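Everything below concerns the one structure shown next.
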């Protein structure tokens, strides 16, 4: 796992872009033409990743599932048997919470939406997510605890072994399908929904997509979103990772 993490961080932006800039400096005297190309690719890539406009346009390419109409929430029980909330990492030892790990910002966004769906529809909830740092508690356990305390929704099942979206689907199937549950509402980020829906359908589920956290909407930034922004770098990384994951899943699964 550490080696895989190390390689991924340097082979994916922004890591690979920093390597290109280092290569440009290293080659500046011996291969000035190649150095210039590396510099343009590295700096240009970092600049594009920092633009809210690029985030908006890239997200629109990935966010293929429309939002779930609010007027349909009350009738979800006629189309599904359970709500599945996918994990999205955790934050280590927040002193504000007595040093306890907490669900990530993305996970909280999913949990909040899933809690509203559960309250309106009456459907039971499964949280899905394994050991993000290789040590307990699992993402599923953290989400279940916070959904009960923060949103007043009791989680019926916890899938605590998955590490990937594919495993979210496969291990959720092991929990739910023996109970006769094959129709699920899947809650995850809008840009992650296409891969999630495909994975759950491959696992034998009928899926009602419930995407949240759309990034393809109007970014609302001044100067048409052409000024660099640190948050956009993070969001661009998420979108690029998702695009590669979507392609990889179709090739390898």
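In the UniProt record's numbering, the protein residues as written are 1 to 253.
Here a beta-carbon is modelled for each residue, glycine too, at the ideal position from N, C-alpha and C.
Predicted model only: the values in this text are computed from it and were never measured.
By DSSP's assignment, residue 86 forms a beta bridge with 128.
It is roughly 37 Å from the alpha-carbon of residue 71 to the alpha-carbon of residue 94. The C-alpha of residue 88 lies about 9 Å from the C-alpha of residue 189. DSSP places residue 185 inside the beta strand (DSSP E), whose first and last residues are 183-189. Under DSSP, residue 94 takes part in a beta bridge, and its partners are 100.
When only Cα atoms are considered, residue 11 and residue 237 end up about 12 Å apart. Annotation for residue 177: 204 place their beta carbon closer than 7 Å to its own, counting only its chain and skipping 5 residues before and after. The three-state secondary structure of residue 139, taken from DSSP, is helix. By alpha-carbon distance to residue 245, the top candidate from 208, 206, 227, 193 is 193. Per DSSP, reduced to three states, the secondary structure at residue 211 is strand.
Take residue 130, set aside five residues on each side of it, and the residues of its chain with a beta-carbon closer than 7 Å to its own are 138, 139, 160, 161, 162, 163, in chain order.
Beyond the five residues adjoining it in sequence on each side, residue 79 comes within less than 6 Å, by CB distance, of 208 in the same chain, given in chain order.
Look at residue 229 here: in three-state DSSP terms it is coil, with no helix or strand label. For residue 76, the closest of 125, 247, 106 by C-alpha to C-alpha distance is 125. Per the coordinates, the alpha-carbon of residue 171 lies some 33 Å from the alpha-carbon of residue 56. With respect to the 8 Å criterion, residue 187 and residue 113 are classified as neighbours on the basis of their beta carbons. The beta carbon of residue 18 is closer than 6 Å to none in its chain, skipping five residues each way along the sequence. Using a 10 angstroms sphere on the CB of residue 230, the tally of other CB atoms stays under 16, which defines it as exposed. Ranked by Cα distance from residue 212, the first of 68, 250, 21 is 68.
Taking the Cα positions, residue 14 is about 11 Å away from residue 235. If you draw a 10 Å sphere on the C-beta of residue 40, you find fewer than 16 other C-beta atoms in it, and that means exposed.
If you draw a straight line from the Cα of residue 219 to the Cα of residue 241, it comes to about 21 Å.
Secondary structure within the region 143-205: the beta strand (DSSP E) runs of 3 or more consecutive residues, fully enclosed, are 157-159, 183-189 (chain order).
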